[in-house]
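Chemist: Below you'll find the structure I mean.
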Amino acid sequence: MHSLRDMARRCHLSSWTVCLITFVSLCSCREPQPLRTFQPPQKLSFNIKEITGSAVTYGPNDSGPTSAGKFYRTLTLHNGTLFVGGKSQLFSATENLEIIRQVSIQPNSFFTEFGCKSCDGNFIRIIQPLSGGSLLECGTNALMPYCQERSAVDLTTIGDPYEFSDDNVAPSLPEQNSSWLLLEDSDSAYQIFAGSHLVNSFGQLEEPAILRARLDTMTPGPERPRTGIDVRLKTKDSPNTVLNGPQFVGDPIEYGNRIFFFFREFASEHINSGRIMYSRVSMVCKDELGGQPFTTYTDKQMVTFVKARLVCSIPGKFPYHYNEIQDIHQSTADPNVVFAVFATGPNGVASSAVCAYRLDEIQNMFLESPFKAQEHDLMQWMEVLSEPVRPRQAECPDTTTYSDAEYKAILTLAQLIDDTVENTRRCGKRTSLRGGRFRGACSRISPLLVSHGERFTQIVVDEGVANSTDVLFIGTENGTVLKAYLSEDWSEEARIVEEISLDTDGLKAPVLTMVMSEAARAVFVGTDIGVFKVPFQHCRDYTTCRSCLDARDPYCTWTGDSCSYGSRDGFQDLENGSSDLCPARNNDKIVFHTVPPQSQHRSANQPVNLYLVAEAPSGRNLRVVGVDCYPPCANLPFTRFKSTSSGRQLLVLHINGSSTETSPRDCSCSSVFEIDGGVRGTANFTLTADNSNAVTASEMDIQELIEFDQKMAKYEYELQEWKNKVAQSCELRNLQVCSTASDNCLTT
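Under mature numbering (1 follows the signal peptide of the UniProt record, and there is no 0), the letters of the sequence shown match residues -29 to -1, 1 to 719, in that order.
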């Protein structure tokens, strides 16, 4: 095998030699899971205005849903108050979205005066709580980003804005995908870990980096000016090996003495085969010291950076990869687990997936798996056979002890892990194989959820709902929020419960951000139009047992007379959603108002139209199961009409009997109706063919016959309605009007 690998290393792209290497997979011990996919619109779709417990605000000026451009991308919950940052706006609100305080923060006009078209507005991109009841707010400020301390109570400023060093620690553009984590270091100092672009050249982002900075919030005095935000360490600007056009997602995650970042970037290892985006996870040590002055790394550059590819794909002979990560959510029940949403690129067919990963597995991979590198220009990226440096930078050693040769080896050979990080189940544990490879005893290769026709943008997860069920709330580019749930062991793909549209008055916008509130039992959603409150559940909106169980909502159970949240006395069947659990009700029946007579004559030259009217309680999905007619008049065509009013629903079945044969024999028909819960009703009738000679009639005669038939049908319907009213007023079970030909008229 080494000879093959050595031969591959000698293959040069500019050479005329074609090197063919065949890799044979000898064993695969993981079988693909059956994959359930979804496509919008979902089975249960609601508008946000229809949901009990929902709320919406369009901002301090309340210009309504028709005004876009507010860019509510920054939401922060702190002590029961929601802080919202948008375009030149910062406001606080209650958990019912009632506005408490608001301030308007106008941008610097320096670049605007020089004709900069992308400099319009001050977009608030960072809101972080500080100790002592204050907030740190950062805005783009028309290409001149700043950070300012404010009171969390009334939003007034505290002191002057913090000055930056030469690097833009805060985002400088509204659409810039950056990642921020603020860690308290002492009573008055904080550490900032951020992934961002540090330079903005008239709207062009440059110098991507992961950095560590220090924020000193000590009150300034005459002899102690405010020190600002000081960048202490940052990754080396090396696109080929470190960061290649990264788009950071979510917040960095503190995991022991390490910080994890998630992002997507152009894959340097794939550049010889074309430009493609990969999803990544990277790690830096929280307390690293940087390099040595005047070496490959300096004392201002991070040495411990290492990254790996995140894989979320549909398995098969040719796996379909979701390469563009959009957002992450760290589990609160198990901090090792990170959920992530992926989507296809903007120029392809819309499709999305949800996968999950374990931080302990990722950390072990960084510590033990081999590296992948390009030893020389124009060579393929290959596995690095020998360890470039000991100890590895991921072990968080004293980085100042590395030699210059070791620094160079880290930068050129030890930035990318050769193994990929795969989607895993909650129980996933990896066992180390020969050569540092890992294989998961519980790992899975199918995503937790796949949806075609839409792109996911955000995710939050409410865990441990009703028998350890995890509920996913997913924001989409279509301006909707999907609610889905996973089984306890994640053995099956997630099942979508409902789709909630944020469309208000015909205007919708992509979901920009989401934050979850356990106290409010809701998800707050920011868009370009407004901020929305989506409750975890709206069980009481389901008014019948059938609708409650059919929703298959983990939050809801049927308690006998209502659909309730959090009740242990009720019942729910998430696996089957079976209405067989529903108790029978007195009005669970189908009533026929108009039924064809037992003998219907079909004239040879006239059409025969039969009308069958059935009634059932609303919400029970009255439907036609089948219309079976036996020879010689099989397969009669029919149409149906449905309407609902006054708490009842009517279904009219129009059967065309004109297609029957001219045989003198009778044929029988049976129409079967059904409502939810398995209740059925059957109407039977016969049809007799008449082979008599054709009757010649004028158009006036035919019109008179039609009017007569209509009057008779109306009379029969009104008569039946009268009988029903009499029966109800007299508390009779049944009432019939005797005819002279009837021998068994019942009046009980």
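Quick reminder that beta carbons are idealized off the backbone N, C-alpha and C, glycines included.
Which partner residues of HIS168 appear in the DSSP bridge assignment?
Modeler: Here residue 168 corresponds to residue number 197 of the sequence shown, with the count starting at 1. Bridge partners of HIS168: PRO179.
Chemist: Determine the DSSP secondary structure at THR451, reduced to helix, strand or coil.
Modeler: To locate residue 451, count along the sequence shown from 1; it is residue 480. Strand at THR451.
Chemist: How far does the alpha helix (DSSP H) with PHE679 in it reach, from first residue to last?
Modeler: For the purposes of this step, residue 679 is identified with residue 708 of the sequence shown, where counting begins at 1. 670 to 700 is the span of the alpha helix (DSSP H), which, as asked, contains PHE679.
Chemist: Drop a sphere of 10 angstroms on the beta-carbon of LYS696, count the other beta-carbons inside from all chains shown, and report buried for 16 or more, exposed for fewer.
Modeler: Sequence index remark: in the sequence shown, residue 696 carries index 725 (1-based). The residue in question, LYS696, is exposed, as its Cβ has fewer than 16 Cβ neighbours within 10 Å.
Chemist: Taking Cβ positions, are VAL502 and SER25 nearer each other than 9 Å?
Modeler: The residue you call residue 502 lines up with position 531 of the sequence shown. The residue you call residue 25 lines up with position 54 of the sequence shown. No.
Chemist: Fully enclosed by the stretch 120 to 168, which beta strand (DSSP E) runs are 3 residues long or longer?
Modeler: The qualifying runs are 128 to 133 and 150 to 155.
Chemist: Can you tell me the Cβ-Cβ gap for GLU66 and LEU46, rounded? I've got them flagged as a contact below 8 Å.
Modeler: Taking the first residue of the sequence shown as 1, we reach residue 66 at position 95. Taking the first residue of the sequence shown as 1, we reach residue 46 at position 75. With 8 Å as the limit, GLU66 and LEU46 do not qualify as a contact, their Cβ atoms being about 12 Å apart.
Chemist: Are the stretch 61 to 78 and the stretch 105 to 120 touching by the rule of at least three beta carbon pairs closer than 8 Å?
Modeler: A contact exists between the stretch 61 to 78 and the stretch 105 to 120.
Chemist: Inspect the beta-carbon positions of ARG523 and LEU552 and report whether they are closer than 9 Å.
Modeler: Residue numbering aside, residue 523 sits at position 552 when the sequence shown is read from its first letter. Residue numbering aside, residue 552 sits at position 581 when the sequence shown is read from its first letter. Contact flag unset, no.
Chemist: Judging by CA-CA distance, which residue of PHE679, HIS625, GLU586 and ASN592 is the nearest neighbour of GLU692?
Modeler: Indexing the sequence shown from 1 puts residue 692 at position 721. Closest option to GLU692, Cα to Cα, is GLU586.
Chemist: On the CB-based measure, 16 or more other CB atoms within 10 Å of its CB, does PRO362 come out buried or exposed?
Modeler: The count along the sequence shown starts at 1 and reaches residue 362 at position 391. With fewer than 16 other Cβ atoms within 10 Å, it is exposed.
Chemist: Among the residues of its own chain, which have a CB less than 8 Å from the CB of LEU478, if the five just before and after it don't count?
Modeler: Counting from one through the sequence shown, the residue named residue 478 turns up at place 507. Closer than 8 Å at Cβ, skipping near neighbours: PRO36, THR37, ALA39 and ILE500.
Chemist: Reducing DSSP to helix, strand and coil, say where SER389 ends up.
Modeler: As a working note, residue 389 is residue 418 in the sequence shown. Reading off the sequence, residue 389 comes out as Asp, not Ser. Strand.
Chemist: Do the stretch 282 to 299 and the stretch 261 to 269 make contact, defined as three or more Cβ pairs closer than 8 Å?
Modeler: Contact fails: fewer than three Cβ-Cβ distances are below 8 Å.
Chemist: Going by Cα to Cα distance, which pick from SER244, PRO554 and THR484 is closest to THR498?
Modeler: Taking the sequence shown and counting its residues from 1, the one referred to as residue 498 is at position 527. When each option's Cα is compared against that of THR498, the closest is THR484.
Chemist: What separation, rounded to the nearest whole angstrom, lies between the Cα atoms of ASP474 and TRP352?
Modeler: Here residue 474 refers to the residue found at position 503 when the sequence shown is read from its first residue. Here residue 352 refers to the residue found at position 381 when the sequence shown is read from its first residue. For ASP474 and TRP352, the distance between alpha carbons rounds to 47 Å.
Chemist: Applying the criterion that 16 or more other CB atoms from any shown protein chain within 10 Å of the CB defines a buried residue, is HIS347 buried or exposed?
Modeler: Here residue 347 is taken as the residue at index 376 of the sequence shown, counted from 1. Classification of HIS347: exposed, given that the 10 Å Cβ count is below 16.
Chemist: Since I believe ALA141 is in contact with ILE98 (beta carbons under 8 Å), could you give me their beta-carbon distance rounded to a whole number of angstroms?
Modeler: For the purposes of this step, residue 98 is taken as residue 127 along the sequence shown, with counting starting at 1. For the purposes of this step, residue 141 is taken as residue 170 along the sequence shown, with counting starting at 1. That belief does not hold up - the Cβ atoms of ILE98 and ALA141 are roughly 11 Å apart, past 8 Å.
Chemist: Using CA atoms only, rank isn't needed, just tell me which of GLY174, GLU177, ILE181 and GLU146 is closest to ILE163.
Modeler: Sequence index remark: in the sequence shown, residue 163 carries index 192 (1-based). Minimum Cα distance to ILE163 is reached at ILE181.
Chemist: Look at the Cβ atom of SER149, then the Cβ atom of VAL202, and state whether they are nearer than 9 Å.
Modeler: As a position in the sequence shown, residue 149 is number 178, starting the count at 1. As a position in the sequence shown, residue 202 is number 231, starting the count at 1. Taking 9 Å as the Cβ cut-off, SER149 and VAL202 do not qualify as a contacting pair.
Chemist: Check whether the stretch 386 to 393 and the stretch 273 to 282 touch, using three or more Cβ-Cβ pairs below 8 Å as the test.
Modeler: Touching, yes.
Chemist: Along the alpha helix (DSSP H) that carries MET336, what are the first and last residues, could you check?
Modeler: Your numbering for residue 336 matches position 365 in the sequence shown. Counting along the chain, the alpha helix (DSSP H) containing MET336 begins and ends at 330 to 339.
Chemist: If you count every other CB in all the chains shown that lies within 10 Å of the CB of SER700, and 16 or more means buried, which is it?
Modeler: Indexing the sequence shown from 1 puts residue 700 at position 729. Exposed.
Chemist: Within this structure, are the beta carbons of LEU622 and LEU581 separated by less than 9 Å?
Modeler: On the sequence shown, residue 622 is found 651 positions in, with the first residue counted as 1. On the sequence shown, residue 581 is found 610 positions in, with the first residue counted as 1. In this structure, LEU581 does not lie closer than 9 Å to LEU622 by Cβ.
Chemist: Below 9 Å between beta carbons: does that hold for VAL452 and ASP441?
Modeler: The residue given as residue 452 occupies position 481 in the sequence shown. The residue given as residue 441 occupies position 470 in the sequence shown. The answer is no: Cβ separation not under 9 Å.
Chemist: Candidates LYS205, VAL643, GLN334 and HIS300: which alpha carbon is nearest VAL325's?
Modeler: The residue labelled residue 325 in the question sits at position 354 within the sequence shown. Of the listed residues, the one whose Cα sits closest to VAL325 is HIS300.
Chemist: Could you tell me the boundaries of the beta strand (DSSP E) in which residue 731 lies?
Modeler: What the structure shows of the chain is the stretch from -29 to 719, and residue 731 is not part of that stretch, so it cannot be assessed.
Chemist: What residue range is occupied by the uninterrupted alpha helix (DSSP H) comprising ARG517?
Modeler: Here the question's residue 517 lines up with position 546 in the sequence shown. ARG517 -> alpha helix (DSSP H) spans 516 to 522.
Chemist: Could I get the ranges of all uninterrupted beta strand (DSSP E) runs contained in the stretch 203 to 262, with 3 residues as the minimum, in chain order?
Modeler: Counting whole runs of 3 or more residues, the stretch 203 to 262 contains the beta strand (DSSP E) stretches 218 to 226, 229 to 237 and 248 to 256.
Chemist: Using the three-state DSSP reduction, which class does THR370 fall into: helix, strand or coil?
Modeler: Stepping through the sequence shown from its first residue, residue 370 is reached at position 399. In this structure, THR370 counts as helix in the three-state DSSP scheme.
Chemist: Given this structure, state the Cα-to-Cα distance separating ALA584 from LEU624, to the nearest angstrom.
Modeler: Position 613 of the sequence shown, counted from the start, is the residue given in the question as residue 584. Position 653 of the sequence shown, counted from the start, is the residue given in the question as residue 624. Per the sequence shown, the amino acid found at residue 584 is Val instead of Ala. So the two alpha carbons sit approximately 6 Å from each other.
Chemist: Quick check: the stretch 330 to 343 against the stretch 310 to 322, are at least 3 beta-carbon pairs closer than 8 Å?
Modeler: Too few Cβ pairs lie closer than 8 Å, so no.
Chemist: How is the alpha helix (DSSP H) around TYR536 delimited, first residue to last?
Modeler: By one-based count along the sequence shown, residue 536 stands at place 565. Premise fails: TYR536 lies in the beta strand (DSSP E), 534 to 536, not in any alpha helix (DSSP H).
Chemist: Please classify THR306 as buried or exposed, where buried requires at least 16 neighbouring CB atoms within 10 angstroms.
Modeler: The residue labelled residue 306 in the question sits at position 335 within the sequence shown. For clarity, residue 306 is Pro in the given sequence; the question names Thr instead. Looking at its Cβ environment, which holds fewer than 16 other Cβ atoms inside 10 Å, PRO306 is exposed.
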